[in-house]
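Worksheet for the structure shown next.
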Amino acid sequence: IFINTENDIKYFAKIMHEKEISPELECFEKGHIDSVLRLYNKGFIYAPLHFSFVLGVNGGMTGEARDFHFLKDSIPKNATYSVAGIGKYEFPLAELSIKHGGHVRVGLEDNIYLEKGVLAKGNADLVRKVVEIAKKYGREIATPQEARRILHIKENRQ
5 IFINTENDIK YFAKIMHEKE ISPELECFEK GHIDSVLRLY NKGFIYAPLH FSFVLGVNGG
65 MTGEARDFHF LKDSIPKNAT YSVAGIGKYE FPLAELSIKH GGHVRVGLED NIYLEKGVLA
125 KGNADLVRKV VEIAKKYGRE IATPQEARRI LHIKENRQ
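All the letters of the sequence shown, read from the start, carry residue numbers 5 to 162 under my numbering.
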């Protein structure tokens, strides 16, 4: 169960806008995207929009390719997105996102395996695997400065 009432979201969005914080619009299923877009159209959430699809969580959407495409095709064309696949979905979804111009979140919080039965020694192992996938598609890895630009994070925040 995901507890984010519309009033909660409006309140958080107001404070984030006042503090010039760009939100990560974390969506576990299509209804979350619909809520974001409704609040965006009403002026409670502001552009630029960066969606984070978290797939494979119990209570949310699975991490099948059809789920990724459904969510990706449901957001505005000028929005950016990243994908976090949970468990066995991590690398197949990372590859789909990379292939289709999106971004990726990986880490031990989401998955502890490099492949079936092979434990990652740490986050660096997971990142290295995603870097190899990105190379396969000719995608460059963002520097920290480039990542801040993509995510609209201002430098020197206090």
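Don't be surprised by glycine CBs; every beta carbon is placed ideally from N, CA and C.
Original post:
Bridge partners of T84, per DSSP?
Top reply: DSSP, once it has assigned bridges, lists H54 as partnering T84.
Subject >> Spatial distance of L118 from V87 (CA atoms) >> reply: 17 Å
Original post:
Is the distance from the Cβ of F48 to the Cβ of Y85 below 7 Å?
Top reply: no
Original post:
Is it buried or exposed for L97, if we count other Cβ within 10 angstroms and need 16 for buried?
Top reply: Buried: at least 16 other Cβ atoms inside 10 Å.
**OP:** Check whether the region 28-36 touches the region 64-78, taking contact to mean three or more Cβ pairs, one atom from each stretch, closer than 8 Å.
**Re:** Yes, the region 28-36 is in contact with the region 64-78.
Original post:
Are the region 67-80 and the region 132-140 touching, with three or more C-beta to C-beta distances below 8 Å?
Top reply: no
**OP:** Pick helix, strand or coil for G91, following the three-state DSSP scheme.
**Re:** helix
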